[in-house]
Structure formats: structure tokens, C-alpha cells
Amino acid sequence: MRIDLHAHSTASDGTDSPAGLVAAAAKAGLDVVAITDHDTTAGWAPAAEALPPGLSLVPGAELSTISVDPVTGRHVSVHLLAYLFDPASTALVAEQARLRSERRWRLRVMAERMAADGLPVDPDEVMSLLPEDGSAGRPHLAQALVRAGVVSSVNEAFESYLGNGSGYFVARQDTLVEDAIDMIADAGGVTVIAHPFAYTRGATITVDVLAALAEHGLTGVEVDHPNHDEETRVRLHGVAGELGLVRTGSSDYHGTNKTIDLGDETTDPLALEELVSRSTGSEVVTR
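Under UniProt numbering, the residues of the sequence shown are numbered 1 to 287, in order.
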């Protein structure tokens, strides 16, 4: 059984529609795919409606959270995958709405800074092309730079203009990771930290912080991810085992916004069974 538990659609910063995502998953030979758009569940219904026979859909989201190191006080961005929660949870709905608003504000400010520097970016046009009920992300601005001929690819846009160290970068006010874990648990869901040791993406949490989050109620960690090299995977596999965390593997598929294909990394069926057994908020969708 081939299982990919981390994929994005046009409900956030992917390039496949939710229906296109499940079609692509079936074509890639997957048996199970999770839809995990940033801070939104807008893609759940259209993905479920278009689900091909033989493919199962795990409803989820990737939440924008932040960890504060208790020793150094350092703030580190944490991408928290949440699965099988109740999408109608009052607290969660409110927080996702706040995060989506924060994302739109951040994207407009970045676009306005670029326009002020003479780059051929129209902030109003960028905002008008965003998914109505979905989440804005830097890839949307990257696509605008590609369309304007400023760069030739999304990767080049991030390297030259959109990275965390860029003068155009604007930080968000993300949810504390502990609060997000609590909200998902209260909504009957389970939580898995995405690419926790992906050093190439920027600062990462420490093993001590991961241990504290496991104690707080974190369910698992994404061990096999395109941004984890073999040494990192071996280390994280051991740490997860010591902490009693479920180990997953996923592609983090974004369509043409990234060069990763669905199914490039996969999750063991027993790991998925464990996640499902611990959840009560929603169910895996099958046809």
C-alpha cells in the first residue's frame, strides 16, 4: 500500500485543484493521499467529491505555528500537520480564519514593497488571483514574478526575492505550536510535525523542544521528507522511537511549484493505522 500524507492543492499554494490532486494521486499509483493545505480545509469537499475509486483520502491541514525555545527564547517556525479533526471546531475555525487573514496581509505587504522598488508586480492583481476561501502563500507571489519575467522559476523567486533573509520578507504572527496541538486534540484530530529537521529551510526545533512537544501531546513526526538527507532520517527515526512518536513519510507535493512528485516519499500502513486509531474528529474518505 502506497500512502502519501502531505500534499497541497490550489486551496493554498499548490497548482493542482483539489479534484486534480486526487486524480494525480490515483495516476501516481497511490492508495491513500492526504490533502493538507495551509491553514484551510477548503479543499476537503471538492477532493472528496472527485475521489477516484480505489483511492482513500485523509482530510488534513498544515498549520502555521511557532515554537519558542524555553532556554534561548528563539522563535522557530513549525509546520504542524493535522489530520482527521472536526473542521467545524469553533476554536479551530476562528484560528484558521485569523491565519488566512495574516497570510493575505503579509503577501500584500511583500508585493507592495516589490512594486515600490520598481519590480513589475501589481499588488492588486496578485491579491485578485488568490483562492477565495483558501490560503495565500509566497508561491503565489513567486508565480507573479515568473509571469512578469523577473525570474524563470518559483525556486529562483525564492532564492532571489522571497527567502526568509530577503529584504522583502515579512513575518507572520503564527499560532503557538502547543496551542495548535491542543486545538487539534480538542477537535478529535492528531498532529505530526512536518520536516522538523529540514535545516536547508531555515532554523529548526531542537531535540529537547521535540521531546517537550511529545510530552504535550504531539502524535508524530514526518521522518521521510525530500528535505531530510539520509543522516537526518536515521537520527530522527531514532529520536521518534525514543519519544514514542508515530513516524510518517510524505512528498510535500505542491504540483509544479516544486519538483517533488506524489509518492516520492511514503508512510508505512501501520503508521497510518495508528493515526486513524487515535482520531475521532473526522474519517478517512473512501470510494
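C-beta atoms are modelled at their ideal positions from N, C-alpha and C, and glycine is treated no differently.
Helix, strand or coil at residue i [DSSP, three-state]
| i | result |
| --- | --- |
| Gly263 | coil |
| Arg235 | helix |
| Glu242 | helix |
| Arg247 | strand |
| Ile3 | strand |
| Leu63 | strand |
| Ala34 | strand |
| Thr280 | coil |
| Ser160 | helix |
| Leu275 | helix |
Residue i to residue j span [Cα, whole Å]
| i | j | result |
| --- | --- | --- |
| Glu132 | Arg172 | 20 Å |
| Val121 | Leu245 | 44 Å |
| Gly165 | Thr72 | 21 Å |
| Gly217 | Thr10 | 30 Å |
| Arg113 | Tyr161 | 11 Å |
| Val58 | Val285 | 6 Å |
| His140 | Gly14 | 9 Å |
| Glu274 | Thr267 | 11 Å |
| Arg278 | Val190 | 7 Å |
| Asp117 | Gly137 | 21 Å |
| Gly281 | Ser152 | 43 Å |
| Pro269 | Leu119 | 48 Å |
| Leu99 | Ile260 | 26 Å |
| Asp182 | Ala91 | 10 Å |
| Val209 | Ile66 | 12 Å |
Beta-carbon proximity check, residue i vs residue j, cutoff 8 Å
| i | j | result |
| --- | --- | --- |
| Gly220 | Asp86 | no |
| His38 | His254 | no |
| Ala19 | Ala50 | yes |
| Phe158 | Ala148 | no |
| Pro52 | Ala26 | yes |
| Ala82 | Ile3 | no |
| Met127 | Arg108 | yes |
| Ser12 | Thr40 | yes |
| Asp264 | Pro226 | yes |
| Leu55 | Asp16 | no |
| Val207 | Val239 | yes |
| Gly249 | Glu283 | no |
First through last residue of the alpha helix (DSSP H) which encompasses residue i
| i | result |
| --- | --- |
| Asp268 | Per DSSP, Asp268 belongs to no alpha helix (DSSP H) and is neither H nor E. |
| Glu215 | 207-216 |
Boundaries of the beta strand (DSSP E) in which residue i is found, first to last residue
| i | result |
| --- | --- |
| Ala171 | Taken as a continuous stretch (DSSP letters only), Ala171 belongs to no beta strand (DSSP E), as it is neither H nor E. |
| Glu178 | From DSSP, Glu178 is part of no beta strand (DSSP E) but of the alpha helix (DSSP H) over 177-186. |
| Glu49 | Glu49 -> not in any beta strand (DSSP E); alpha helix (DSSP H) instead, spanning 44-49. |
| Gly20 | Unbroken run through Gly20 is the alpha helix (DSSP H), 18-27; no beta strand (DSSP E). |
| Glu222 | 220-224 |
| Thr191 | 190-193 |
Every unbroken alpha helix (DSSP H) inside the segment 67-154 [4 residues or more]: 90-116, 123-128, 138-147
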